[in-house]
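These notes are about the structure you will find just below.
In my numbering, the protein residues as written are 936 to 1227.
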């Protein structure tokens, strides 16, 4: 199993967060094997055993997306085992996952983020401007949480108003920066240099001790400031990414351009945002059209 996790890390270039999810999923399946079938080795699992595990997950009323992810983790593991000659067959091939309920991406209204900046307390200190820059980069570029935390100072090209991001599958993309966001970055870099004159960390975001920033901190920042103006049940970094894409589409941006900005591998992943735009069009129609 350790070989598999190293394969995900070094060959597939998965994020630490994704690898942790795989570890949790496989560990849970291993515990199910021990408790239910008294088996120690995952390789001993067959189609019937895996199917019974999936049924048990459904009976626990887990979200269908969570079940899909767990099945995907197991599929990847057995595929790896067969490829390396460590198993003769993949018992997950005929496993069917429960149907996914269509779920539209959550997003905030266009004026909400402006309210966050207006109402939020962002003192001109290293910490204050770090929190502001976290919010502005997430909403202003649509980057993922892992991409934000992986940003290096060398990825910035302020003279060209661009930013290099290392996305999923180790794929690089260049994102544009508007004038106001560039100014926030310049101010943050100045305060960072003052706070840590001898810090050689290459990461753009560091903690108060000068160490690389961690996911929970970003979640706390987003929840803290978005909670001031939004009653949404889930205020997360990914909601700002969804909002970035939805607002661009609402203002007439090309879907292919949004795909490239988000770093999606295919247009199908980006098309989900068109549903949100259609819902907005319906609302405008019902409000404004005399025959609505």
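Even glycine gets a Cβ: it sits at the ideal position worked out from N, Cα and C.
- Residue pairing by DSSP places residue 1099 opposite 1109 in a beta bridge.
- With respect to the C-alpha of residue 1081, the residue from 1006, 1147, 1190 having the closest C-alpha is 1147.
- The segment 1052 to 1063 makes no contact with the segment 1098 to 1112; the number of CB pairs closer than 8 Å stays below 3.
- Annotation: residue 948 is outside any alpha helix (DSSP H) and is labelled neither H nor E by DSSP.
- Put simply, of 1221, 994, 1118, 1174 the residue whose alpha carbon is nearest the alpha carbon of residue 1208 is 1174.
- Residue pairing for residue 1147: DSSP places it in a beta bridge opposite 1141.
- In the DSSP annotation of this structure, the continuous segment of the alpha helix (DSSP H) that includes residue 1048 starts and ends at 1047 to 1054.
- Scanning its chain for C-beta atoms nearer than 6 Å, with the 5 sequence neighbours on each side dropped, one finds no residue around residue 991.
- A Cβ-Cβ separation of about 5 Å places residue 1042 in contact with residue 1177 under the 8 Å criterion.
- Contact check for residue 1006 against residue 993 fails: the beta carbons are separated by 8 Å or more.
- Looking at the backbone, the Cα of residue 982 and that of residue 944 are separated by about 28 Å.
- With respect to residue 1009, residue 964 sits close: the two C-beta atoms are nearer than 8 Å.
- The three-state reading of DSSP puts residue 1171 in coil, since its state is none of H, G, I, E or B.
- Note that the C-beta distance between residue 1024 and residue 1014 is not below 8 Å.
- Per the C-alpha coordinates, the member of 1137, 1212, 1011 positioned closest to residue 1187 is 1212.
- By the 16-neighbour rule on beta-carbons within 10 angstroms, residue 1077 is buried.
- When DSSP states are grouped into helix, strand and coil, residue 1021 belongs to the coil group.
- For residue 1086, the CB contacts under 6 Å within the same chain, skipping 5 residues up- and downstream, are 1139 in chain order.
- By DSSP's assignment, residue 1194 forms no beta bridge with any residue.
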